[in-house]
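First the structure, in the form of structure tokens, and then the observations on it.
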Amino acid sequence: MASVTRLRLIPCSEDTHTSTRVATAACPACAFPMHGGPSMTVRAFVAGICRSPLALVLCFAVAPVLVSPHVSAQEAERGHVFEGHVRDAGTGEPLAGAQVSVVGRGTRAVTRGDGTFHLTGMAAGVHTLRADRPGYRGVTVVVVVGSARARRAVAESAEVVIELSPSPIALEDFVVTATISERAATEALRPVSVMTGDVLQRQMTATVAGTLASMPGLAATRMGPSVAQPVIRGLSGDRVLMLEDGTAVGDASNQGADHTTALDPSSARRIEVVRGPGALLYGGNALGGVINVIRDEIPTAAPHHLTGAATLQTQTATGSLAGSASAVFAIAERVPLRVEVAARTAGDLKTPAGTLLNTDGELWSGGAGTAYVADWGRLGTSFRGYRNHYGIPGGFVGGHAEGVRI
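Position in the sequence shown counted from 1, then plus 641, gives you this note's numbering.
Dropping the structure here:
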């Protein structure tokens, strides 16, 4: 009857006189337990432990396989193989694509779909492993590889598990503007400049034209601190189209330089400027360019809690004080509401030559917007009130003799 021999390799002896891997097994012919160093194994065979000549021949055939220095040297050269898992610390789900590397060495591995990794060629000793994955906080662990005690502990316990805690990556807003119908890529190319976030807050003035005056290719014509019109590449007035949330602004700013644009930039989320031939897609009067002030006055989604923003500004030259506040909240599960109010007051402009009379102004604006948000889309409406009372100084060529109030 045929017999099956099971062999289990144990770590190399820590004796400094030999690096040969030792095997513990039973002789397939005489059942004699073979263990210890190579010399002990050979002496056991020579002493005639096996009971028959056939068994003795079989034992000598098996012994070189068990104690071959050549096999042990190859295994030592390859090093150890370290295995483990990488999981989510909150859910326990395996994480694929995590990189596990040995600190100070070039050994590294990437976890598979089930979260497992294999590090080959690990030398005996203490190693520091580093696990990283986008969207998670990196973790460093210390492992011991090589000693008999550590290998038995690994064999008898569960595999090493590294848990990573989520750490979201904060990215800036990426705005995509779409059209109703499909267009070719060459038709969609147009130079667009966007002012938003902290840059918008730092450049904020009483007018849209003054806010954008620092952008390349833009300037502002002024008839006092409260009156300004944008100039794009030398064109202004009715050659520049003003939009608010994509809708044309109906005011008298294109009738003359003494009329300001009926837009208060204090509550704007961002301002877009379209220049070049692409601006003509908005109409024939947009030869100079298009300026779109975006407030998101009609909410696009119902928030789970109240959100809002507030600003406060002042200027020393005119003694002006301006402020705005807005809030968005849900009045029903699918019905959000946005409300906003802004005000500004300013005195006459003070210059090194004296006070420029009739340059004071007072502005008030407010608005509200709501929408019904459904799975098929949304339906919304908004209302805005605007009142701007300001003065234009006189006494210059082409102006009023004593100024005028608008």
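Yeah, the Cβ is synthetic: ideal placement off N, Cα and C, and Gly gets one too. Keep in mind that this is a model prediction, so the values were computed, not measured.
Here Q870 is buried. Its C-beta has 16 or more other C-beta atoms within 10 Å.
Apart from sequence neighbours up to five positions away, the residues of its chain that approach T1011 with a beta-carbon distance below 8 Å are I939, P940, I972, V976, P977, L978, R979, G1021, T1022 and S1023, ordered along the chain.
Here E981 is near G1008, since their CB atoms are less than 9 Å apart. For G851, no beta strand (DSSP E) encloses it; the enclosing alpha helix (DSSP H) starts and ends at V849 to L853. The segment 804-821 and the segment 770-783 touch, with no fewer than 3 CB-CB distances between them shorter than 8 Å. Counting of Cβ neighbours within 10 angstroms places F1037 among the exposed residues, the total staying below 16. Sorting T732, T820 and V741 by C-alpha distance to the C-alpha of T757 places V741 at the top. Within its own chain, the residues whose Cβ lies closer than 7 Å to the Cβ of S908, once the five positions on either side in sequence are excluded, are R936, S965, S967, E981 and A983, listed in chain order. Under the 8 Å Cβ criterion, the segment 953-962 does not count as touching the segment 908-928, having fewer than three qualifying pairs. In the pairwise beta carbon analysis, the segment 895-908 is classified as not touching the segment 812-824: fewer than three pairs are separated by under 8 Å. A847 and T732 have their C-alpha atoms spaced approximately 51 Å apart.
Secondary structure note for V840: it is in no beta strand (DSSP E), and the uninterrupted alpha helix (DSSP H) holding it is G838 to Q844. Residue environment for E885: buried (at least 16 other C-beta atoms within 10 angstroms of its C-beta). Shown here, D879 sits in a helix according to DSSP, grouped into three states. Per DSSP, the beta-bridge partners of A750 are V741. Counting only residues of its own chain and dropping the five nearest sequence neighbours on each side, W1005 has a CB closer than 7 Å to the CB of A984 and R1028. Taking A942 as the centre and dropping the five residues before and after it, the same chain places the C-beta of P977 and V1014 closer than 8 Å to its C-beta, in chain order.
Around the beta carbon of D1001, 16 or more other beta carbons lie within 10 angstroms, which makes this residue buried. Under the 10 Å beta carbon count, H768 is surrounded by 16 or more other beta carbons and is classified as buried.
For I873, the enclosing beta strand (DSSP E) stretches over residues A869 to I873. Within its own chain, the residues whose Cβ lies closer than 8 Å to the Cβ of L736, once the five positions on either side in sequence are excluded, are V727, R728, D729, T752, G756, R774, Y777 and L805, listed in chain order. DSSP places L997 in the strand class (E or B) of the three-state scheme. Residue pairing for N933: DSSP places it in a beta bridge opposite L884 and E913. In this structure, the CA atom of G930 is about 20 Å from the CA atom of Q844. In the DSSP assignment, F758 falls within the beta strand (DSSP E) that extends over T757 to M763. A direct Cα-to-Cα measurement between V890 and A772 gives close to 55 Å.
Here E1043 is not bridged, per DSSP, to any residue. Around the Cβ of A764, a 10 Å sphere holds fewer than 16 other Cβ atoms; the residue is exposed. P857 sits exposed, since fewer than 16 C-beta atoms from the chains shown fall within 10 Å of its C-beta.
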